[in-house]
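A short write-up of the structure that comes next.
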Amino acid sequence: AAGEEPAVRERLRRLGAEFAMDWQLHDARRRARLLVLVSKQGHCLNDLLFRAHSRQLKVDIAAVASNHGDFAALAGSYGVPFQHLPVDAENRAQQERQILDLVERENIDLVVLVRYMQILSPQLCQALAGRAINIHHSFLPSFKGAQPYHQAHARGVKIIGATAHYVTSDLDEGPIIEQDVARVDHAMTPRDLVRLGSDTESLVLARAVRRHVEHRILLNGHRTVVFR
1 AAGEEPAVRE
11 RLRRLGAEFA
21 MDWQLHDARR
31 RARLLVLVSK
41 QGHCLNDLLF
51 RAHSRQLKVD
61 IAAVASNHGD
71 FAALAGSYGV
81 PFQHLPVDAE
91 NRAQQERQIL
101 DLVERENIDL
111 VVLVRYMQIL
121 SPQLCQALAG
131 RAINIHHSFL
141 PSFKGAQPYH
151 QAHARGVKII
161 GATAHYVTSD
171 LDEGPIIEQD
181 VARVDHAMTP
191 RDLVRLGSDT
201 ESLVLARAVR
211 RHVEHRILLN
221 GHRTVVFR
């Protein structure tokens with residue numbers, strides 16, 4: 001109950017002092033506020049918008065921001081504000097300041113990169129440390145970087161996967177939160193792999209977001225401990 005929170009905090013404070021513990025106390029009723037960053041692939045965005053709208057995830061998507069304008073109508077159909085933030089080599093620092101301003105103005109708890117095809121600066125990664133999740137369309141550490149499905153097809157792999165991880169300044173190297181795979185075979189084209197992988201990406205990302213907003217993840221160096 002809300003009235004018991006001060007007493008619970010005091011007990012936790014004493015335990016923390018006794019055992020040199022770091023601790024946090026969260027209200028499980030509170031809905032986390034999300035900022036979603038996207039480029040031109042919308043399957044994960046559409047999935048998150050639907051899960052938030054249908055209360056499958058305990059989140060409110062406060063805004064969608066993109067370096068392209070493609071998904072303004074999709075965001076608007078869910079009543080979510082859309083921010084078009086174009087970026088190029090000359091305005092990258094300014095565009096990232098706009099992202100941080102949006103995070104602060106909207107009291108964002110978690111930034112989710114849903115196929116946001118821009119590399120964040122080390123400064124932005126540091127500012128969002130522990131509160132930004134990326135979905136990468138491969139089973140990391142295999143096939144990092146661009147076009148992993150085409151890389152996988154060229155290698156003749158029998159499974160493809162998706163990985164949700166925390167964002168760090170090392171590209172596709174952040175602590176892994178969730179992964180899954182799907183079986184493929186020699187008859188499938190790169191386009192088939194992309195289509196199959198899109199479903200896996202959406203599911204993996206939704207699981208990762210759920211576990212983060214439910215505070216089920218502990219960061220342990222470069223690894224995570226995820227409580228189911």
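In the UniProt record's numbering, the protein residues as written are 1 to 228.
Beta carbons: idealized from backbone N, C-alpha and C, even for Gly.
Endpoints, alpha helix (DSSP H) assigned at residue i
| i | result |
| --- | --- |
| E104 | 92-105 |
| A75 | 72-77 |
Nearest-angstrom Cα separation, counted from residue j out to residue i
| i | j | result |
| --- | --- | --- |
| F71 | A28 | 31 Å |
| A206 | I176 | 14 Å |
| L12 | H215 | 17 Å |
| L45 | V36 | 8 Å |
| A154 | D185 | 12 Å |
| R31 | V59 | 5 Å |
| R97 | V87 | 11 Å |
Three-state secondary structure assigned by DSSP to residue i
| i | result |
| --- | --- |
| A127 | helix |
| H212 | helix |
| N46 | helix |
| D60 | strand |
| T200 | helix |
| L12 | helix |
| S54 | coil |
| R115 | coil |
Anticipated Cβ contact below 8 Å, residue i with residue j, distance rounded
| i | j | result |
| --- | --- | --- |
| I159 | R183 | 6 Å |
| Q94 | A63 | 18 Å between Cβ atoms; not a contact. |
| V181 | G174 | Not confirmed; about 19 Å, so no contact. |
| I133 | L113 | 7 Å |
Residue i: first and last residue of the uninterrupted beta strand (DSSP E) it sits in
| i | result |
| --- | --- |
| A32 | 32-38 |
| I217 | 217-220 |
Original post:
Going along the chain, which unbroken runs of the beta strand (DSSP E) with 3 or more residues stay wholly within the stretch 124-177?
Top reply: 132-136, 159-166
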